[in-house]
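Inspection log for the structure reproduced underneath, given as structure tokens.
2 protein chains.
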Amino acid sequence: MCDRKYAILGTGALGGFYGARLQKAGLDVHFLLKSDYEHVSKSGLVVDSKDGDFIIPQVNAYNDVNKMPQCDVVVIALKTTQNYLLPKLLPPVVKDHGVVLVLQNGLGVEEEVAQIVGNVTVIGGLCFLCSNKVGLGHIRHLDYGKITMGEYTHQYYPSRITARMQQIADDFNSAGIPIELAEDLLLARWQKLVWNIPYNGLSVILNARTDELMADANTRILVEQLMNEVVAGAKSAGRIIPDSFMQTMLNYTLKMKPYRTSMKIDYDERRPLEVEAIFGNPLRKTQAAGVNLPQINCVYHQLKFLDGKNRG
Amino acid sequence: MCDRKYAILGTGALGGFYGARLQKAGLDVHFLLKSDYEHVSKSGLVVDSKDGDFIIPQVNAYNDVNKMPQCDVVVIALKTTQNYLLPKLLPPVVKDHGVVLVLQNGLGVEEEVAQIVGNVTVIGGLCFLCSNKVGLGHIRHLDYGKITMGEYTHQYYPSRITARMQQIADDFNSAGIPIELAEDLLLARWQKLVWNIPYNGLSVILNARTDELMADANTRILVEQLMNEVVAGAKSAGRIIPDSFMQTMLNYTLKMKPYRTSMKIDYDERRPLEVEAIFGNPLRKTQAAGVNLPQINCVYHQLKFLDGKNRG
Chain A
39 MCDRKYAILG TGALGGFYGA RLQKAGLDVH FLLKSDYEHV SKSGLVVDSK DGDFIIPQVN
99 AYNDVNKMPQ CDVVVIALKT TQNYLLPKLL PPVVKDHGVV LVLQNGLGVE EEVAQIVGNV
159 TVIGGLCFLC SNKVGLGHIR HLDYGKITMG EYTHQYYPSR ITARMQQIAD DFNSAGIPIE
219 LAEDLLLARW QKLVWNIPYN GLSVILNART DELMADANTR ILVEQLMNEV VAGAKSAGRI
279 IPDSFMQTML NYTLKMKPYR TSMKIDYDER RPLEVEAIFG NPLRKTQAAG VNLPQINCVY
339 HQLKFLDGKN RG
Chain B
39 MCDRKYAILG TGALGGFYGA RLQKAGLDVH FLLKSDYEHV SKSGLVVDSK DGDFIIPQVN
99 AYNDVNKMPQ CDVVVIALKT TQNYLLPKLL PPVVKDHGVV LVLQNGLGVE EEVAQIVGNV
159 TVIGGLCFLC SNKVGLGHIR HLDYGKITMG EYTHQYYPSR ITARMQQIAD DFNSAGIPIE
219 LAEDLLLARW QKLVWNIPYN GLSVILNART DELMADANTR ILVEQLMNEV VAGAKSAGRI
279 IPDSFMQTML NYTLKMKPYR TSMKIDYDER RPLEVEAIFG NPLRKTQAAG VNLPQINCVY
339 HQLKFLDGKN RG
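So the protein sequences, as listed, match chains A and B. In terms of the numbering used here, the first sequence opens at residue 39 and continues consecutively. In terms of the numbering used here, the second sequence opens at residue 39 and continues consecutively.
Printed below as a string of structure tokens:
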């Protein structure tokens with residue numbers, strides 16, 4: 039169908055799901071695994087999905103990036119807490135003039151990736167996906183799946199929609215993954231923080247689901263105040279998020295099923311929290327622009343303390 | 039020895055300790071009790087103290103304020119969460135031209151008391167006391183005990199040291215309680231908040247002792263940032279707290295034994311937290327002066343949520 043080779047770095051709830059869907063659609067996909075390597079090499083990937091369950095019995099599985107073929111599109115599907123590994127992982131697997139697609143939360147990762155591998159295109163992708171890894175090579179896709187993609191340019195200047203972006207979008211679309219192409223990646227990233235910062239942060243600190251945070255007048259106010267600080271942070275980067283967007287996020291959350299955030303799940307599983315990508319980087323960017331976000335700063339330090347103690 | 043009658047409203051860890059010490063020194067003390075009334079009427083009060091254990095076998099115990107004699111000095115030793123009871127409790131028990139001594143945490147209570155009973159002197163007292171109630175009529179005094187007292191004047195204008203204050207100080211001194219007399223009650227209250235706001239708040243939210251909050255770089259920074267906001271709040275009320283005071287509080291806490299704050303103990307015992315007196319009132323006073331304390335505001339809303347859920 040297509041000669042583009044895909045590498046998936048990190049075959050978990052997110053990378054496993056998208057990679058399996060791409061392979062099912064006929065694409066040539068190569069998976070980097072760690073703990074699940076032996077199992078997946080033998081038995082493949084199993085995806086239980088609300089869109090239909092399926093199995094990929096034959097998987098190109100690797101436990102060493104140096105054994106992988108050089109790929110046209112390298113998908114970073116690790117948690118950002120693993121990004122210290124990227125200088126070792128990326129160079130062997132990405133083709134010259136290839137694409138690195140960063141499917142991660144938070145701010146600033148594309149910039150880091152561009153510094154690691156020179157002659158590539160870096161695309162950021164924001165995933166709206168509910169999925170969990172429920173066993174070795176076994177993924178449960180609960181809801182959603184859409185990805186918003188934008189191309190990284192030096193200092194995040196807005197870019198046009200390139201042919202390369204469109205090709206990748208076509209591949210994902212052929213796998214049944216809806217793609218939205220954005221001209222302003224940085225705006226899209228700040229918009230996602232409008233949700234991620236209050237709900238991920240408070241869910242961990244207060245041991246609460248999204249519905250509890252919305253039902254209590256005090257946390258409801260705090261959610262809005264944190265959202266306002268995110269909007270101020272975006273503004274310091276020259277990105278305007280209208281009040282109506284905040285209102286949309288609040289209404290959307292009110293209508294959601296009671297939801298344990300991804301950061302709360304990480305916390306409960308005693309995995310490292312993505313505090314730096316989601317809180318630390320936005321705070322540092324904003325501070326460099328001379329703007330102070332005191333409530334986000336408070337939540338950041340609380341999370342850092344809890345994360346340390348949790349893995350202690 | 040002395041003809042001043044004392045009433046103790048709230049015979050718990052604090053009121054029971056100070057009241058028992060006053061009676062032991064020969065003063066005429068009348069105790070209002072609730073759950074411990076029957077036991078204390080029969081068996082008196084038992085105080086285990088680092089200064090020497092003692093028993094008060096015969097106690098003037100009451101379970102109804104209307105049965106108490108009118109007293110010269112009425113000590114409010116309830117938690118501030120019980121202050122909605124004061125309009126019923128105070129008028130029957132305080133003598134005309136008597137004194138109400140508010141031994142409570144936080145800000146603004148003297149003002150409320152002055153509105154409830156007109157023709158009295160209101161004195162605020164800040165207690166530096168570690169004690170717990172460990173059983174019916176049984177108090178364990180662990181450490182400290184000093185009280186800083188200042189007279190309340192309209193709008194908290196600094197006042198002079200009056201003869202009345204000196205008399206009460208003499209009574210407490212005769213009972214072995216060190217008293218410091220302050221000319222500026224409001225300054226003393228804001229100074230106490232420099233400690234209470236960061237440590238009480240974070241200990242509950244982060245489930246941490248004082249030593250853990252000081253040992254972790256993130257909470258250490260957050261403690262200092264919260265202290266800085268308290269200093270800004272004091273300034274909005276015209277009270278200057280020098281940086282050296284903050285440093286003294288930090289050093290003092292570093293040297294303390296690992297300590298579970300009083301608010302954390304209340305939380306663990308599922309008692310209502312004194313959030314309004316310690317956080318809400320300072321925030322409202324400061325906001326009325328046009329000053330915003332965003333990190334204290336964040337901690338306030340978090341505590342309100344946790345308090346509600348804890349007793350929920």
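In this text, a Cβ means the ideal position worked out from N, Cα and C, and glycines have one as well. Only a predicted model underlies this, so the values are computations on that prediction, with no experimental measurement involved.
Return the CA-CA distance between residue i and residue j, expressed in angstroms with no decimal places.
{"i": "T324 (chain B)", "j": "E307 (chain B)", "result": "31 Å"}
{"i": "D222 (chain A)", "j": "L344 (chain A)", "result": "34 Å"}
{"i": "L346 (chain A)", "j": "A58 (chain A)", "result": "Looking at the sequence shown, residue 346 (chain A) is not Leu but Gly. C-alpha separation (whole angstroms): 34 Å."}
{"i": "G191 (chain B)", "j": "Q204 (chain B)", "result": "Inspection of the sequence shows that residue 191 (chain B) is occupied by Thr rather than by Gly. Between T191 (chain B) and Q204 (chain B), the C-alpha separation is close to 17 Å."}
{"i": "Q108 (chain A)", "j": "V131 (chain A)", "result": "4 Å"}
{"i": "M39 (chain B)", "j": "Q96 (chain B)", "result": "Low local confidence applies: a pLDDT of 42 at M39 (chain B) is under 50, so the model's placement there is unreliable, with the coordinate-based value given in what follows. Answer to the nearest angstrom: the Cα atoms are 18 Å apart."}
{"i": "A326 (chain B)", "j": "M294 (chain B)", "result": "35 Å"}
{"i": "F55 (chain B)", "j": "P280 (chain B)", "result": "33 Å"}
{"i": "L139 (chain B)", "j": "E189 (chain B)", "result": "9 Å"}
{"i": "Q61 (chain A)", "j": "D86 (chain A)", "result": "15 Å"}
{"i": "A255 (chain B)", "j": "L52 (chain A)", "result": "33 Å"}
{"i": "M265 (chain B)", "j": "I303 (chain B)", "result": "22 Å"}
{"i": "N330 (chain B)", "j": "E262 (chain B)", "result": "17 Å"}
{"i": "N98 (chain B)", "j": "S79 (chain B)", "result": "7 Å"}
{"i": "G90 (chain B)", "j": "E314 (chain A)", "result": "52 Å"}
{"i": "R277 (chain A)", "j": "I199 (chain B)", "result": "58 Å"}
{"i": "G50 (chain A)", "j": "G162 (chain A)", "result": "19 Å"}
{"i": "R349 (chain A)", "j": "Y305 (chain A)", "result": "9 Å"}
{"i": "V269 (chain B)", "j": "G239 (chain A)", "result": "27 Å"}
{"i": "T248 (chain A)", "j": "L224 (chain A)", "result": "26 Å"}
{"i": "V242 (chain B)", "j": "S300 (chain B)", "result": "10 Å"}
{"i": "A246 (chain A)", "j": "K171 (chain A)", "result": "22 Å"}
{"i": "I334 (chain A)", "j": "I235 (chain A)", "result": "8 Å"}
{"i": "A275 (chain B)", "j": "L260 (chain A)", "result": "25 Å"}
{"i": "Y297 (chain B)", "j": "Y237 (chain B)", "result": "10 Å"}
Could you check where the alpha helix (DSSP H) with residue i kicks off and where it finishes?
{"i": "S282 (chain A)", "result": "281 to 293"}
{"i": "M301 (chain A)", "result": "300 to 306"}
{"i": "L139 (chain A)", "result": "That residue, L139 (chain A), is in no alpha helix (DSSP H); its beta strand (DSSP E) goes 132 to 141."}
{"i": "Y338 (chain A)", "result": "332 to 349"}
{"i": "A152 (chain A)", "result": "147 to 154"}
{"i": "R322 (chain B)", "result": "319 to 326"}
Specify, as a first and last residue, the run of the beta strand (DSSP E) that residue i falls within.
{"i": "G162 (chain A)", "result": "159 to 173"}
{"i": "V113 (chain A)", "result": "109 to 114"}
{"i": "A99 (chain B)", "result": "98 to 100"}
{"i": "L47 (chain B)", "result": "43 to 47"}
Closer than 6 Å by C-beta to residue i: which residues in its own chain qualify, once you throw out the five before and the five after it? Chain order, please.
{"i": "D110 (chain B)", "result": "R42, K43, K133, G136"}
{"i": "F317 (chain B)", "result": "Y338"}
{"i": "D66 (chain B)", "result": "K43"}
{"i": "R227 (chain B)", "result": "L145"}
{"i": "Y100 (chain A)", "result": "L70, M106"}
{"i": "G183 (chain B)", "result": "L167, I215"}
{"i": "N104 (chain B)", "result": "P130"}
Within the same chain, show all residues whose beta-carbon is closer than 7 Å to that of residue i, passing over the 5 residues directly before and after it, in chain order.
{"i": "S212 (chain B)", "result": "A63"}
{"i": "H176 (chain B)", "result": "V84"}
{"i": "A152 (chain B)", "result": "V160, Y190"}
{"i": "K233 (chain A)", "result": "Here residue 233 (chain A) is Trp; the residue named in the question, Lys, does not match the sequence. Hits under 7 Å: M287."}
{"i": "I94 (chain A)", "result": "A58, Q61, K62, G82, L83"}
{"i": "M252 (chain B)", "result": "R258, T291, L292"}
{"i": "F283 (chain B)", "result": "Q229, V232"}
{"i": "D209 (chain A)", "result": "C40, R42, L60, L65"}
{"i": "K88 (chain A)", "result": "H179, L180, D181"}
Skipping 5 residues on each side, what residues in its chain have a beta carbon closer than 8 Å to that of residue i?
{"i": "L123 (chain B)", "result": "L116"}
{"i": "V155 (chain B)", "result": "L128, P129, V132, V138"}
{"i": "T286 (chain A)", "result": "none"}
{"i": "T150 (chain A)", "result": "This sequence places Glu at residue 150 (chain A); Thr is not what is there. The answer, listed in chain order, is N121, L124."}
{"i": "Y75 (chain B)", "result": "A99, Y100, N101"}
Would you please state the rounded distance, in angstroms, between the beta carbons of residue i and residue j? I believe it to be under 8 Å.
{"i": "L219 (chain A)", "j": "A201 (chain A)", "result": "Between A201 (chain A) and L219 (chain A) the Cβ distance is about 11 Å, and since that is not below 8 Å, they are no contact."}
{"i": "I185 (chain A)", "j": "C165 (chain A)", "result": "5 Å"}
{"i": "P332 (chain A)", "j": "P320 (chain B)", "result": "Contact doesn't hold; Cβ gap of about 16 Å is too wide."}
{"i": "A45 (chain A)", "j": "L70 (chain A)", "result": "7 Å"}
{"i": "L341 (chain B)", "j": "L311 (chain B)", "result": "6 Å"}
{"i": "T118 (chain B)", "j": "N143 (chain B)", "result": "7 Å"}
{"i": "L47 (chain B)", "j": "V113 (chain B)", "result": "7 Å"}
Practice prompt. Return the chain-ordered ranges of every alpha helix (DSSP H) run that is complete within the stretch 62 to 91 of chain B and spans a minimum of 4 residues.
Written response: 75 to 81
Practice prompt. With a floor of 4 residues, list each alpha helix (DSSP H) that falls wholly inside the stretch 189 to 271 of chain A, ordered by position along the chain.
Written response: 201 to 212, 223 to 243, 248 to 253
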